[in-house]
Structure formats: C-alpha cells, structure tokens
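So the structure is just underneath, and the comments pick up after that.
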Amino acid sequence: MQALYAQLLVGLINGSFYALLSLGLAVIFGMLNIINFAHGALYMMGAFCAYFLLSIGGIGYWWALLLAPIIVGIFGMVLERTMLQWIAGLDHLYGLLLTFGLALIIQGVFQNFFGSSGLPYAIPEQLRGGMNLGFMFLPVYRGWVVIFSLVVCLATWFLIERTRLGAYLRAATENPTLVRAFGINVPRMITLTYGLGVGLAALAGVLSAPINQVRPLMGENIIIVVFAVVVIGGMGSIMGSIITGFALGVVEGLTKYFYPEASNTVVFVLMVLVLLVKPTGLTGRAA
Amino acid sequence: MTSITDATLPITPRAVRDEMIVFVIMAALLAIVPWTGLYPFFVMQALCFALLACAFNLLIGYGGLLSFGHAMFLGTAGYCSAHALKVWGLPPELGILVGIAGSFVLSVITGYISIRRQGIYFAMITLALSQLLYFIYLQAPFTHGEDGIQGIPQGRMFGILDLSKPTVLYYVVLVGFLAGFLLIFRTINSPFGEVLKSIRENEQRAISLGYKTDQYKLLAFILSGTLAGFAGALKVFVAQNASLTDVEVPMSGLIVLMTLVGGLGTVFGPVVGAFVIVGMQQYLAGFGQWVTVIQGTIFVACVLTFRRGVVGEIAHLFKRSL
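Top to bottom, those sequences are chains A and B. In terms of UniProt numbering, the first sequence is residues 1 to 287. In terms of UniProt numbering, the second sequence is residues 1 to 322.
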C-alpha cells in the first residue's frame, strides 16, 4: 500500500506540471491562436533561471519562484513582439512551425553549454524532511508542489473567468476588432497574455528543479505528453485543462504501480481511446 | 485564414508539361551521379529522404494536413524490413515489401484515429502517436532497444542485382525514388488530387458538394504513410541498420523542415529541401550540437520571411507551377 500511495503522489506532482503547462497553452491558444511548441523549452528555461539565480546571484528558491517566471515571461514577451506577432492571421500551422523552430534553438543553445546531464538544485531548507501521515510518509517538498500549483491554477482560473481583466481578455478572444473599438489596447493584451502563459511554464520549471534536476532536454518529452493531455481534455475551458492535467497525472501514477511497463504510454493510449469515442476531447468545443 | 500553400496557379496542360520537363532533367541529373565526384552514399541518403519528404508533402501540401509524426512510418518500415532481412533471411525485394506492409497497416490505424481532428489538433495527435510508438519500440524485444538492428545483409535483388555494390544499390534506390515520385505526381494531377486540394481550401464546401472528405483524407494519409514506409525500407539498404533515431520526434521535425525549406505544396520542393538539409548535416557535422540551433534558425527564418520555400519562390518568380 505504501508504494501505491507513493506512486499516487508522484502522479499528483506530474499532474500539477501537466496542469500548469496545459493551462499556459490554453491561455496562449485562446488569445494568439497558436499552439506554443516552445512551451517545453520555456519550462526548461524556468528551471535554469532558478539555477542561475542561485549559483550566480545567490538568490534562493523563494525569490526564484517569483523572479524566474517574470524573467522568462519577459523573454516570452520579447519573442511575441519580435516574431509571433508577424504570423498573426496566417494558418495555425505556421505558429506551430515557428514555435517548434524556437524550441530547437533554445534547447540547442542550452545543450551546447550544459551538455545533456542534469544539474542538481537543492530543496530549500524550510521544505526539507517529511511528515508521517499514518498511512504513508509524505516528503514536505512534494506536498508543497501539489498544493502550490493547485493554488496557482485556481488563481489563474479566477483571474480569467471572474475578473474584469479576464472579461476583456475573453472578449478580445471572441472579437478583437470590437474590443479595440472600445479603446482597449489589444496587441498589448496579447503580449501580456503570452507572457502570462510563458510565466506559468517557467513556474512549473522552478517547481520541478529540486525534484527532476535541471536538464536542457527536460521540456522535450513532457511537452509531447502535455499535447496528449490537451487532445484528451480539449482546449475548451481553463478548468478543463486543470482537471485533465491532474487527473492524467494520477492515472499515470496508478499505471506505474499496477503495470509499470505501460506507464510511459498510458496517456497516449488514453488519447487514442478518447479520440475514438469523443473526437472533440472531454471538455472541448468543436475545432 | 490564408492557406498554408501558395496555390493560385491552376493545373493546366502547360503546367503539367513544365513539370514533366523538370522531372526528366532531374532524373537525368540523378542518373549520372555515379560518374561524377559526388559521394554516392550521400546522394542515396538524400534520395530516401527526398521520397519521404515528397510523401509528407502529399499530405500537407495537397490535403492541408500537417503530420508531425511522419518518422513513425520511416522507422516502422525500417524495423520491419530489417527484421525480415536479418532474422527471416528474406531476399531484398520481399524485405522491402514487408516494410511497406508494416507502414501500410500502421497508416491505416493511425490515419483512422488522427483524421478525427483537424489543423493543429491533427498535428498534436500524430506527434503523440509517434511518441507512443517510440516507447513501444524502445521496449519491444525485436527492435533491440537502444542498439537497433545492426549489420543487415544487403543480398541480391531478384537474385541478380548485387546490392553490396554501391553503383547497383544506387540505381535501385534511384529507381525506387523515381517510381514513388511519379506515383505522387500522378496522384496530385488526378481527380483525387483535385478533391484533396478542394478539401485543403475549404473543407465545409467540399462536404456540401457531396464529397465524403474524411474518406479522401484517410486515403491520402494511407498513401502518404505507405510511401514514407517505402522510403524507410530503401533506407535500410543504404544505412544497413534500423535504429530508434528514425522513430524519434526530431526526425519528424526534420521531415517537416525539408519540405518547408523546399516549398510546401510544390512538386519538386521536398526533393530540393531534402538535398539541402541532408547536405547540411553532412557538411556541418563538425559544429556538433550547434546543428540543432542552425536547424531551428532555418525553421524560424522560413516561417517569418521565406514561406514559399526555395522552389516555391522560383515558381512564383516565373509564375509557373513546379
């Protein structure tokens, strides 16, 4: 039973990364109509940013949690202003190809300087150790990751679905021309939205640094799983991305316990099954 | 929404004649390669990738479907052929057929699943399916995991053509490439190809005209996947191995890059693109990891400034379809 709970926890943690990443993808997709293939590379940059802050500036985990998403988010906004905005209005596929190219460049540069092996990043002092819950031993840091990312996800959901800013954002997604006519600066909003989505990816990177080490290719495989999560959940709703992300992480964890051979593939197999039954995804609208 | 290809030029008898002339020139140039100083291994490899890119282009350039997992057909056919040749000891022609059969079965299954969604979702589904297959091949015993299938015997094709001789192998690969290319060329210029283009331009209208567009898309997917598998089977004889790198996601990206550089939706673009990219890998090998960065830069440059690709730009300049 101990092993089952441990795998469930691992599943929840992976699920929080899936949720944060697919949430960022959904936010970006809503405003820019781009599937951000560079999302995995930006997640990796978040982790590296935390590593640099610590090793060069001596800035620890808590500040990194705030600064890394901002720094990488600004980098994302520069990308949007210099490149992504030029392909607005073209076929979706060009956005995919452009961001794929960006991912190759970013990952290639980091690989050149850091090879493919991992760099360690220590768990902050306050979150070391563990708690005995009676039925299992819970490492504090892991519990923290799950709760913190859940809070961030819900805060993002609240920002978009329940605030005035979010209402502007949703309106601009529906009809940018009309929203512009009301005197709202839509291009700036698009840039900020991209920054927000990228920031969420970078935040996931910082959270994962102490667990998974900091590696140049850490985003390459996770992004494909996140794409499968997106196909399963559909891009229809913000809440849909969050729930699907966590749920699939848990399913993956359970598979690791009951049938480890399939743990790498279970999300993809689920994707196939969902597509056969409900091609639009669980919460998705028709494309 | 602008279409992904520059398809303003109609297919006229003149356009087809132009394309036939270019085809003959291309075939003649390729036929004299063994008598030039060019490294035949490089050209053979480029020809395999050219066929692969042409098959991929059939899907995106004419059906508007961006498959981001086309490496799965290359890799699957490669593993099937390699296994048939090495373990079952089949002659080369049957080995190639086993590879084609493998990619055919795979394309029927993956096509049926993936054409249920369009646009970027289609791309993400094909990507995820190829990753699923990658993990399966990583664990399956017959692929030998990280080692791949090595030392594949080349044998004698039809009992007479000794494929271990570079010149003989070159002509076999060339004939294979030209046959595949002509099949694609014929498909594009057929009523079937016209329907595909109409689906690319406006699927709703094609549906309202009474076409069962899903069936057309599935057929195009199967044809493309099977031909990509043919390229994979030929590649086994050139490289004499089948390994995981042929199934990986970066390989799928490379196929997209070749087609993009040459020109999406142009007849000869993928061939030019394949030669450019394979040549780059050959001559930039000294840069090590920087090659990835260079490829990424080419991707970005193509999308931002050079969307028609090499052949597309030339065709646009002369207002001809190529």
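For each residue, glycine too, the CB sits at the ideal point set by N, CA and C.
Under the three-state reduction of DSSP output, F29(A) falls in the helix class. Residues of the region 212-223 of chain B whose Cβ lies closer than 9 angstroms to any Cβ of chain A: none.
The C-alpha of P216(A) lies about 29 angstroms from the C-alpha of A239(B). Listed along the chain, the chain B residues whose CB falls inside 7 angstroms of the CB of N264(A) are F135. G130(A): member of the beta strand (DSSP E) spanning G130 to N132, first to last residue. With contacts defined by Cβ atoms closer than 7 angstroms, S81(B) and A233(B) form a contacting pair. Shown here for L163(B): same chain residues with a beta carbon closer than 8 angstroms to its own, the five before and five after excluded, namely P92, Q154, G155, R156, M157, L169, V172 and F237 in chain order.
When the alpha-carbon of V277(A) is set against those of F68(B), F41(B) and R117(B), the nearest one is in R117(B). Going by DSSP, P120(A) is part of no beta strand (DSSP E) at all; its letter is neither H nor E. For V269(A), the chain B residues whose Cβ falls inside 8 angstroms of its Cβ are L132, in order along the chain.
Per DSSP, L138(A) lies in no alpha helix (DSSP H) segment; the continuous beta strand (DSSP E) that holds it begins and ends at F137 to P139.
Around H92(A), the beta-carbon contacts reaching into chain B at under 7 angstroms are G119 and I120. CA-CA distance, P69(A) to F182(A), rounds to 31 angstroms.
By the criterion of a C-beta distance shorter than 6 angstroms, A64(A) is surrounded in its chain by A50, L53 and V206, once the five residues flanking it on both sides are discounted. Chain A places no beta carbon closer than 7 angstroms to that of L264(B), leaving this residue out of the contacts.
Straight-line spacing of the CA atoms in Q7(A) and K256(A) works out to 7 angstroms. The beta-carbon of A128(B) is placed less than 7 angstroms from the nearest beta-carbon of chain A. By the Cβ test, the region 268-277 of chain A is not in contact with the region 26-37 of chain A, since fewer than three Cβ pairs between them sit closer than 8 angstroms.
The three-state secondary structure of I34(A), taken from DSSP, is coil. When the alpha-carbon of V140(A) is set against those of R128(A), V151(A) and L192(A), the nearest one is in R128(A). If you draw a straight line from the Cα of R17(B) to the Cα of V24(B), it comes to about 11 angstroms. In its chain, beyond the 5 residues on either side, Q282 have a beta carbon closer than 6 angstroms to the beta carbon of F42(B). Think of a sphere of 8 angstroms around the beta carbon of T297(B): the chain A residues whose beta carbon falls inside it are G101 and I105, in chain order.
Boundaries of the alpha helix (DSSP H) harbouring P92(B): P92 to S114, taken from the DSSP string. Per the C-alpha coordinates, the member of G234(A), I223(A) and G118(A) positioned closest to G40(A) is I223(A).
Look at M83(A) here: in three-state DSSP terms it is coil, with no helix or strand label. Going by beta carbons, A228(B) and Y79(B) fall outside the 7 angstroms limit.
A residue is called buried once 16 or more other Cβ atoms fall within 10 Å of its Cβ, and D147(B), having fewer, is exposed. For R200(B), the closest Cβ of chain A is not nearer than 7 angstroms. Assignment of alpha helix (DSSP H) within the region 198-267 of chain B, counting only whole runs of 4 or more residues, yields 203-208, 213-239 and 249-262 in chain order. In chain order, I35, F227, A228, V230 and V231 make up the part of chain A whose C-beta sits under 8 angstroms from the C-beta of M124(B).
Using a C-beta cut-off of 8 angstroms, the region 277-294 of chain B makes contact with the region 97-108 of chain A, since at least three inter-stretch Cβ pairs fall below that distance. Listed in chain order, the non-local C-beta contacts of L223(B) below 7 angstroms within the same chain comprise L58 and T187, local neighbours out to five positions each way being set aside. Residue environment for K165(B): exposed (fewer than 16 other C-beta atoms within 10 angstroms of its C-beta).
For G102(B) against T76(B), the beta-carbon gap comes to about 5 angstroms, under 8 angstroms, which counts as contact.
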